[in-house]
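Residue numbers (my numbering): 14 to 292. The beta carbon of each residue, even a glycine, is placed where N, CA and C say it ideally should be.
This is the structure in structure tokens:
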């Protein structure tokens, strides 16, 4: 028998603050999640999972270390120089890690071709172009096979697919999504996303973004997709000197046809007197 999604999330998230590292807990521990903003008519069947799971919980086939607040691990608030903000987790428990644009359970780069979404491939094309300074790797989504071949041949030096996000985090990138959980997904946005998980997590996202924007330290914000753009606007962060907005990378060529946001973000950091992210 289906249960109300709000009730399920209240149960799942009881004591959620305990999953935060202490440095983030001191800043975010008093935040009240948006249970009251969730649509009351949303429900979930008993066999439908909410993912990623809580820290310490296990879902069959999930990526190693995956949990819904993983984005806050391995990076202290004072170390954040760039916020990468996407929409929500990858719509499959075996890929969702809790960090934006990280595909879990992917050991080899060619495995990205099994994914129905082009988003992570689009991101990696932009990352390689930012690393190498060679824009031709990110001209269009048609360049992916050529790039993958170069990676496998060693022409492009790149970590294994399951390690590259660690590099970004260690360099000062906070990999967030506007929603940290998912249950039902559709490209056109399922009500579970727009009326359930996104409003649920919005207070936490606004608290994170407002805190980082108000520290006085150089921080740039890279927002991908309308959900990310709206969240940034609600936090008082408008597109401009420290905020770069793009369509979601799932749109492929619409994103690749514009200046590379990872390169632009580093240029903005340098202009602010901060070290760039080692993408």
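A Cβ-Cβ distance of about 6 angstroms is found for the pair residue 90 and residue 37, placing them in contact under the 8 angstroms criterion. Bridge partners of residue 97 according to DSSP: 188 and 235. A residue is called buried once 16 or more other Cβ atoms fall within 10 Å of its Cβ, and residue 274 is buried on that count. For residue 134, the enclosing alpha helix (DSSP H) starts and ends at 132–145. Within 10 angstroms of the beta-carbon of residue 192 lie 16 or more other beta-carbons, which makes it buried.
In this structure, the CA atom of residue 122 is about 20 angstroms from the CA atom of residue 188.
Here residue 55 is not near residue 26, since their CB atoms are 9 angstroms or more apart.
In its chain, beyond the 5 residues on either side, 94, 282, 285, 286 and 287 have a beta carbon closer than 7 angstroms to the beta carbon of residue 231. For residue 276, the three-state secondary structure derived from DSSP is helix. The C-alpha of residue 114 is placed about 13 angstroms away from the C-alpha of residue 79. In the DSSP secondary-structure assignment, residue 17 is bridged to 56. Take the alpha-carbon of residue 203 and the one of residue 169: they are about 38 angstroms apart. The continuous alpha helix (DSSP H) containing residue 40 extends over residues 35–41.
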